[in-house]
Amino acid sequence: MIVKKKPARTCMACNEQKEKQELIRIVRSKDGVIEVDLSGKKSGRGAYICKKEECLEKIMKSKRLERIFEQEISSEIYESLRGVIIDK
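Sequential numbering of the sequence shown, starting at 322, is according to our numbering.
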């Protein structure tokens, strides 16, 4: 029997490696639109964050998303991330 390996990703705030389903994906499409990708299947450059409020605060303070996507991140993106984290 072949055991299929589950995909793992790293949280950009705490650098913990977790299964893809345990993380929230933020994606930048080819036309530069940044959004929260709950399906994990949208095309574009992706970044992952834990479902912890401490990790969200950390990336907001360090402007980590701005560096990863090389563009300004609107407060609406952070608020939608906060909504996803609180609703988990």
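Virtual Cβ for every residue (Gly too), placed ideally from N, Cα, C.
Just to confirm, are residue i and residue j a CB contact at a threshold of 8 Å?
i	j	result
I394	E387	yes
I370	I380	yes
L344	L377	no
Any chance the CB of residue i is under 7 Å from a heavy atom of the ligand GDP?
i	result
G361	Of ligands this structure carries none, so the ligand GDP is not represented either.
Thinking just about the alpha-carbon of each residue, which of the options is nearest to the one in residue i?
i	options	result
I406	D358, Q392, S383 and K373	K373
K341	D358, L377, D408 and F390	D358
I389	K327, D408 and A334	A334
R346	S360, K327, D352 and N336	S360
Could you check the C-alpha separation between residue i and residue j for me, to the nearest Å?
i	j	result
R366	S383	20 Å
K339	V324	18 Å
Q392	R385	11 Å
R349	M322	38 Å
T331	E375	15 Å
G353	K326	32 Å
At what residues does the beta strand (DSSP E) containing residue i begin and finish?
i	result
K321	Within the shown structure, residues of the chain are numbered from 322 to 409, placing residue 321 beyond reach of any answer.
With burial defined as no fewer than 16 other Cβ atoms inside 10 Å of the residue's Cβ, what is the status of residue i: buried or exposed?
i	result
A368	buried
By the DSSP assignment, the alpha helix (DSSP H) with residue i in it spans what residues?
i	result
D408	S396 to D408
E343	Per DSSP, E343 belongs to no alpha helix (DSSP H) and is neither H nor E.
Just checking: is the beta-carbon of residue i within a distance shorter than 8 Å of some beta-carbon in chain D?
i	result
E397	This model lacks chain D altogether, as it is built from one protein chain only.
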